[in-house]
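Okay, so here's the structure we're looking at.
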Amino acid sequence: MSDAVPAFSKAVLHFDDRAKLIYFSPELPLTLGYDTTTFSLMRLTGLIPELTPECIATVWRQTTVEGSARLQGRLVAREGGQIPVDIRFGRIQVDGQIQLCACLQPMVASSEAERLLQLVVRTTARSTGSEFFRILARSVAEVLNVNGALITECLDFPTTRVRTLAYWTERAFSGDIEYDLVNTPCDKVIKEGRVCFYANRMSERYPEDVGVESYLGLPIFDADHRQVIGHMAFFDSQ
């Protein structure tokens with residue numbers, strides 16, 4: 001799966017002037033394949049190579065003078081994959097201690113984003129109904145270079161079960177299926193309405209999904225953006 005695929009919607013890190021990690025978003029270690037203890041002991045340069053001591057010193061100075069700072073970097077997953085992120089820094093005070101707060105937001109490289117957008121527009125422009133969903137699933141899967149993709153609709157509310165509108169796997173369409181969300185990564189995507197990404201080790205977390213090691217799920221909302229009505233998922237054996 002492409003390293004440029006977003007792993008999460010947003011995450012936060014807090015660290016002190018010695019670059020000691022003080023706080024991190026709870027879902028971040030799992031997303032990157034680390035256990036919480038290992039993650040909490042990591043050096044910032046091991047997690048985000050761009051955050052060298054010199055860079056951190058510059059950020060501290062800039063946030064002191066201007067109140068904020070910004071740079072682009074790479075989050076390093078446990079198995080070596082890298083996720084490009086936009087990092088915004090600000091200063092906060094916790095129990096009398098000044099800390100840097102880093103807000104991380106994944107970004108897709110502009111060339112890949114443009115390529116994906118152009119491909120989707122080109123391949124779906126004349127498509128409607130079920131054909132639209134099938135072409136969309138296949139097109140995005142091919143751009144991301146993954147084995148499989150599916151697009152679903154929710155069958156009940158609160159949602160416990162979904163039905164596929166398109167199911168692309170191993171370079172071919174499969175028949176549409178219905179399945180329960182329990183014990184699947186799709187459950188979190190739909191019930192929490194947020195992007196869910198696992199760069200690796202999916203089989204350890206969800207052993208019933210045989211042959212799936214990486215996963216990206218995105219919720220689909222209604223027109224008012226109030227309720228999740230389905231989702232898109234992309235998965236791979238690597």
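Per the UniProt record's numbering, the very first residue in the sequence shown carries number 1; after that it's consecutive.
Where a beta carbon is used, it is the ideal one built from N, C-alpha and C, also for glycine.
Contact check, residue i vs residue j, beta carbons under 9 Å
| i | j | result |
| --- | --- | --- |
| alanine 102 | alanine 233 | no |
| leucine 104 | leucine 75 | yes |
| isoleucine 83 | aspartate 16 | no |
| histidine 14 | isoleucine 87 | no |
| aspartate 209 | threonine 169 | no |
| proline 158 | valine 195 | no |
Where residue i falls, given that 16 or more other Cβ within 10 Å makes a residue buried
| i | result |
| --- | --- |
| valine 85 | buried |
| glutamate 213 | buried |
| serine 139 | buried |
| valine 182 | exposed |
| histidine 231 | buried |
| aspartate 236 | buried |
| threonine 58 | exposed |
| valine 189 | buried |
| residue 244 | With the chain represented from 1 up to 238, any question about residue 244 goes unanswered, as that position is not in the structure. |
| glycine 96 | exposed |
| threonine 36 | exposed |
| proline 106 | buried |
Span separating the alpha-carbon of residue i from that of residue j
| i | j | result |
| --- | --- | --- |
| serine 130 | aspartate 180 | 22 Å |
| residue 242 | alanine 199 | Because the chain in this structure spans residues 1 to 238, residue 242 falls outside the shown range and cannot be described. |
| lysine 20 | glutamate 142 | 41 Å |
| alanine 109 | isoleucine 177 | Here the model assigns alanine 109 a pLDDT of 47, short of 50, so the residue's position is not dependable, and the following value carries that caveat. In a straight line, the C-alpha of alanine 109 is about 34 Å away from that of isoleucine 177. |
| valine 228 | arginine 61 | 43 Å |
| valine 94 | isoleucine 56 | 19 Å |
| proline 53 | valine 65 | 19 Å |
| glutamate 192 | alanine 223 | 18 Å |
| threonine 45 | phenylalanine 132 | 44 Å |
| threonine 38 | threonine 152 | 36 Å |
| arginine 163 | cysteine 154 | 7 Å |
Residues that DSSP places opposite residue i in a beta bridge
| i | result |
| --- | --- |
| isoleucine 177 | In DSSP, isoleucine 177 forms no bridge with anything. |
| glycine 230 | Glu153 and Ile220 |
| tyrosine 23 | His14 |
| threonine 169 | Gly148 and Ala172 |
| aspartate 236 | Ser214 |
| isoleucine 135 | According to DSSP, isoleucine 135 bridges with nothing at all. |
| alanine 69 | Phe89 |
For residue i, the three-state DSSP class (helix, strand or coil)
| i | result |
| --- | --- |
| methionine 42 | coil |
| threonine 152 | strand |
| aspartate 187 | helix |
| valine 143 | helix |
| glutamine 93 | strand |
| leucine 51 | coil |
| proline 84 | strand |
| arginine 163 | strand |
| alanine 109 | Residue confidence is low: alanine 109 scores 47 on pLDDT, short of 50, so the model does not pin down where it sits. Its coordinate-derived value is still stated next. Alanine 109: coil per DSSP, three-state reduction. |
| residue 265 | This structure gives no information on residue 265, because the portion of the chain shown stretches from 1 to 238. |
| serine 130 | helix |
| alanine 199 | coil |
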